[in-house]
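One structure is given below, encoded as structure tokens.
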């Protein structure tokens, strides 16, 4: 009976450990409890803000092709399929360290802190009606929208996001997801703001409210860092060679002392 009780306790301990493990690795637990109304009221995808180091493409379009040509840094060729033909990266605009870009005709524009939409509106207002008689369509796109995922994931790296839209879970998916030893309850987000300052936030991937977080959608240059759990961190500790030697010598001394004590005991 006593033996059966010990086995039963062992089984219960294993089961409790398994339940804890499942709870630790499941993303956004009970997310179905969040009502559709609350989800609908959650803020949409934030408009990205321009900052020094951003590489952007600006395209001005209108039916009067000759009139808009001076405002496009790249050549606009309608002879091949009737569309805008890509040139090379030299035709993109790099936001300099002071937050400016230089556009044809319009000259030097301070864009740091502007959203893409604000810059599009600004360029449109500068062109129409001063230079052309038709309100143009202006499109601003990032060419280096980049996020980085580091730490205890399968493929840590920096990733270019072509559509400029990525959330935390999508970013982790790009990195091959967390390893089983990665902490899901304390993911560090480092964000560079338009003024050059930095913001940090701790994200709990297990929490259903993650989907409501203002940090759920990432911005360009965001960095996610996944910490290893305590077991992995402990196993990765490297013992210095001198410490290893000292431990070996101490162990040998203890073994020798034990052997001597044993011999003396049996010799009496």
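Numbering (our numbering), first residue to last: 50 to 317. Positions of the beta carbon are idealized from the N, C-alpha and C atoms, including for glycine.
Check: Own chain partners of residue 211 with C-beta closer than 8 Å, once the 5 adjacent residues on each side are dropped; Outcome: 194
Check: Residues near residue 163 in its chain [Cβ-Cβ closer than 6 Å; skip 5 each side]; Outcome: 99
Check: Distance CB(residue 143)-CB(residue 221) smaller than 9 Å; Outcome: no
Check: Through-space distance from residue 229 to residue 201, alpha-carbon basis; Outcome: 9 Å
Check: Coil, strand or helix - residue 81 by DSSP; Outcome: helix
Check: For residue 271 and residue 238, the rounded distance between their alpha carbons; Outcome: 7 Å
Check: C-beta atoms of residue 109 and residue 260 nearer than 9 Å; Outcome: no
Check: Residue 265 versus residue 251: straight-line alpha-carbon distance, rounded; Outcome: 11 Å
Check: Anticipated Cβ contact below 8 Å, residue 155 with residue 181, distance rounded; Outcome: With a Cβ gap of about 13 Å, residue 155 and residue 181 do not count as contacting.
Check: C-alpha distance - residue 269 paired with residue 93, whole-angstrom precision; Outcome: 16 Å
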